[in-house]
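Presented below is the structure to which this report refers.
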Amino acid sequence: MTMAFPQMLDAWAIDAPKSPLWMVSRRVWRTDTVARASQLLAQALVARGMLPGDRVGMQLAATACWPVAVTGVWRAGGVVVPLDPAGGDSKRRIELSAARFVLTSDPRIKSTGLRIHSGQIRENRRVFSGIRMPMESPAALLATSGTYGEPRLVTLTHANLTYSCGTRASLAQHRPGDLVLSWLPIHHSYAFNADLLKSMIARVPVRRIPSPRKIIAAIRRFRPTHLHAVPRLYEKLHRLALAGHSLKALTGGRLRWAGCGGAPLPGWLSDFFQTHGMPLLEGYGLTEASPLVSLNTPAHHRAGTAGRVIPGTTVRFADNNEILVKGPGVMAGYWNDTAATQAAIHDGWLHTGDLGRLDAEGYLTIDGRTRELVVLSTGRKVPPLPAEAAAMALPYIDRAILCGHNQPRPAMLVWLAKGEGRTNIENSVMAAMSTIEAHLRPARVIVADRPLSVERGELTSLGKLRRDTIEANWWQFVSNSMQPC
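In this note's numbering, the protein residues as written are 33 to 517.
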């Protein structure tokens, strides 16, 4: 029988009881402490009426010990529903999941059921062995990023998560003495998988950074061997290196590789880190696939691609090059949404909405999303990635977005990197795009007059672009800056 995560934790605690597992600020949670606290939490939940299959919302502060909370709920037979600690759409997720319990660091949070706060768990010497749920039963309800429309809750089973995280751990080539630096939001599937759960399987300690604003200093201070991030962090490190800082010093001198996901990684950025002996291992996945589909690894790495499809998963392509995925990581479905599930999965094949291709050696390249295509008034469909990637290869361009639905020609909005004040941006960006086909280039490049905003709905909490909202918010500005395109 496959070992579930609480049993993996217990085995680690028996083999290495004093090993650090989760470190936040000055607090070090050892494996024996985490295992014991997990058992106490499970016992408390069951004592308060929790039943197998009950959903448990988790709105925990950045300093909280997530391994205790997640494995504690699973010992009690529950289903975890990670929530945004800043609030966001947490109330909506609680309502959608019908969570009866909410674990929170904030006593102000309200729920329709019983609430348990971390400070209410009392010492109890009786070991609680827990409830073993079937591996095919729901383990977590994770929200999609919501880049298009309302986020949906994805039902991932224990089998989904052990397969995906176990595969990631086996490909990571961890060694004794490794340290993972974690800073991405745990309530997102990327960090939930790559930082929290994978590290328990691989038995690698995690240093958790409460504030993303301190991540650059934390990398230098704690000297991780591995970290997972979105491309924007590596762009910041690249700019610091260009300004004269040593990349080795910036990353602490021990970084063997760094994972990259959440957004496309520009090829020039991957090449830069590769030449400095720090490969950025880009992968591809989506919450509905637990989330891993393909991954570059230390042994098999090709810049500009999302790596090879992971063992056990199969990929094929629809007539329009949409990526279809089948394998043990494919979700059980969307929570309480049969129609959406049937629309997404046909005969076991998950329709991702992403466009891609495989090369002769099995490396997957992502060409965009079907919904990101800019559909012009002429009927032509323009993929935005080629032009955007060319623009963002310029070190002074922070973001670039191709827009222009229902217009004769597309336009491009660009945001300058912080501190940039140079002029003649349009000509420079247009020159950078001269290598791509003419029909993929915009008619005009326009510099934005304000940053993108989470509050205006233009970015997700992970920094992903909400393109529909951005185009709606910005099209008047674009129109005023040029003749209608």
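Just so it is clear, CB atoms sit at the ideal spot from N, CA and C, and this is done for glycine as well.
Measure the CB-CB distance between D386 and E354 and report whether it falls below 8 angstroms.
yes
Name the two residues that bound the continuous beta strand (DSSP E) containing M55.
P52 to V56
Using the Cβ count rule (16 or more neighbours within 10 Å means buried), how would you classify R412?
exposed
Consult DSSP for F160 and reduce its assignment to one of helix, strand or coil.
coil
As a quick exercise: from S169, R132, A101 and L173, pick the residue whose alpha carbon is nearest that of Y366.
L173
Going by beta-carbon coordinates alone, are I468 and A425 separated by less than 8 angstroms?
no
Sort M165, S137, R87 and L135 by Cα distance to S129 and report the nearest one.
R87
Should S511 go down as buried or exposed, given a rule of 16 or more other Cβ atoms within 10 Å for buried?
exposed
Please say whether R200 and K230 have beta carbons closer to each other than 8 angstroms?
yes
Would the beta-carbon of A338 fall within 8 angstroms of that of E320?
no
C-alpha gap between T373 and I241, whole angstroms
36 angstroms
Runs of 3 residues minimum, wholly inside the stretch 168 to 198: which ones carry the beta strand (DSSP E) assignment?
170 to 175 and 185 to 189
Counting only the same chain and skipping the five closest in sequence on each side, list residues whose C-beta sits under 8 angstroms from that of H437.
V406, V407, L408 and E503
Under a Cβ-count criterion, where at least 16 other Cβ atoms within 10 Å of its own Cβ denotes burial, should S326 be classed as buried or exposed?
buried
Grouping DSSP H, G and I as helix and E and B as strand, with all else coil, what is Q152?
Per-residue confidence for Q152 stands at a pLDDT of 48, beneath the threshold of 50, marking its modelled position as unreliable; no derived number is given.
The stretch 248 to 267 touching the stretch 456 to 467, judged by at least three CB pairs closer than 8 angstroms:
no
Applying the 10 Å Cβ sphere with the 16-neighbour rule, what's the burial state of D351?
exposed
Counted within 10 angstroms of its Cβ, other Cβ atoms place H190 as buried (16 or more) or exposed:
buried
Below 6 angstroms CB to CB, which residues in the same chain sit around W98 once its five sequence neighbours on both sides are set aside?
I218 and L228
Assuming L297 contacts L312 (C-beta within less than 8 angstroms), just tell me the rounded distance between them.
6 angstroms
Taking just the CA atoms, how far does G285 sit from H308?
11 angstroms
Which class does Q439 belong to by DSSP, given the choice of helix, strand or coil?
coil
Is L390 closer than 8 angstroms to S177 when the C-beta atoms are compared?
no
Length-filtered (4 minimum) alpha helix (DSSP H) runs lying within the stretch 89 to 142:
98 to 107 and 122 to 129
Output yes or no for whether 8 angstroms exceeds the beta carbon distance between P474 and P442.
yes
How is D379 classed by DSSP in three states: helix, strand or coil?
coil
Burial state of V66 (16 or more Cβ within 10 Å)
buried
Between T194, D116 and L324, which lies nearest to I32 when the distance is taken from Cα to Cα?
Since the first and last residues shown for the chain are 33 and 517, residue 32 lies out of range.
How is the beta strand (DSSP E) around K358 delimited, first residue to last?
E354 to K358
Please classify V100 as buried or exposed, where buried requires at least 16 neighbouring CB atoms within 10 angstroms.
buried
Quick one: using the 10 Å Cβ neighbour count with 16 as the cut-off for buried, is L269 buried or exposed?
buried
Alpha carbon to alpha carbon, how far is S466 from P360? Give it in angstroms, no decimals.
43 angstroms
Just confirm the distance between the C-beta atoms of G291 and V262, as a whole number of angstroms; I'd bet it's less than 8 angstroms.
Actually they do not touch by this definition, with Cβ atoms about 10 angstroms apart.
Do you know how far the Cα of I126 is from the Cα of D430?
35 angstroms
Looking at the unbroken beta strand (DSSP E) that takes in S460, where does it start and where does it end?
No beta strand (DSSP E) holds S460; the alpha helix (DSSP H) holding it covers I457 to A464.
Return helix, strand or coil for R87, following the three-state DSSP convention.
strand
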